[in-house]
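Colleague:
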Amino acid sequence: MHALPPGCLAALVTHLARPVPSGPVLSSFPDGFVPHHERAPEPVPYRALFRRVGEDWLWVSRLVMDDDRLAAILADPATEIWTLRRAAPAGEGEAAEDLALLELDFREPGNCEIAFFGLVPELTGRRLGPALMALAFARARARGSSRIWLHTCSNDHPGALPFYRAQGFVPFARSVEVMADPRLDGLIRADAAPHVAMIPPG
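Heads up: the sequence shown is residues 0 to 201, going by numbering that gives the first Met the number 0.
(1) Between the Cα of residue 109 and the Cα atoms of 57, 69, 139 and 30, which residue gives the shortest distance?
(2) Buried or exposed: which applies to residue 144, given that a residue is buried once 16 or more other Cβ atoms fall within 10 Å of its Cβ?
(3) For residue 77, collect the residues of the same chain with a Cβ closer than 6 Å to its Cβ; drop the 5 residues on either side in sequence, then sort them by chain order.
(4) Thinking C-beta only, is residue 131 closer than 9 Å to residue 99?
(5) If distances are taken between C-alpha atoms only, which option among 196, 150 and 119 comes closest to residue 111?
(6) Considering only the beta carbon of each residue, do residue 46 and residue 167 sit closer than 9 Å?
(7) Reducing DSSP to helix, strand and coil, say where residue 81 ends up.
(8) Figure out for me which residue from 126, 163, 84 and 179 has the closest Cα to the Cα of residue 113.
(9) Compare the C-alpha of residue 194 against each of 1, 10 and 2 and name the closest.
(10) Note down, in chain order, each residue of its chain lying with its Cβ closer than 8 Å to the Cβ of residue 155, except the 5 sequence neighbours on either side.
(11) To the nearest angstrom, how far is the alpha carbon of residue 24 from that of residue 127?
(12) Helix, strand or coil for residue 187? Go by DSSP, reduced to three states.
(13) Since residue 186 and residue 62 are thought to touch, with beta carbons under 8 Å apart, how far apart are those beta carbons, to the nearest angstrom?
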């Protein structure tokens, strides 16, 4: 075993990939929910959604990224940001609250990376994940990608890896990520990610 520096966390990262489905992909969402293509979102609202979706899984990369770099990624034509919203009653327009985050990265020719994939906590278990993944497949196919890939880690929801495998993804690599525990300096809530023990240094 290898000891970590005080205040640090280690996560086992699993990288998975699959071919983009060649046939039609149906991304039918349950009644009451509609996908929304968020074009070049501003960093502040993007980070708010990123935090809401990922705080309990220790997502921090976009919280510490500077505004200019994040804005450049979000505005890149090779990046697609999709969210999920509740369908508004007829005649009232689309409700504005974002409830999921699907970020697709097409910068590598032929490949689609699912950079971020998740739902707000209150929607977990509502069978929205398969529809959101079907949307990812459809967008990858529409943009000419032949391969779609992602990574998950041991800090993630315990159902994440089984879900990805059920969607046809196959593990192809593992790595280890070491980072400072973001709960110790207040970057995220101290009570976030209760499945990962927080050990204050000292």
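Ideal placement from N, C-alpha and C gives every residue a C-beta, glycine not left out.
Modeller: Let me spell this out:
(1) 139
(2) buried
(3) 105 and 106
(4) yes
(5) 150
(6) no
(7) strand
(8) 163
(9) 10
(10) 56
(11) 15 Å
(12) coil
(13) 6 Å
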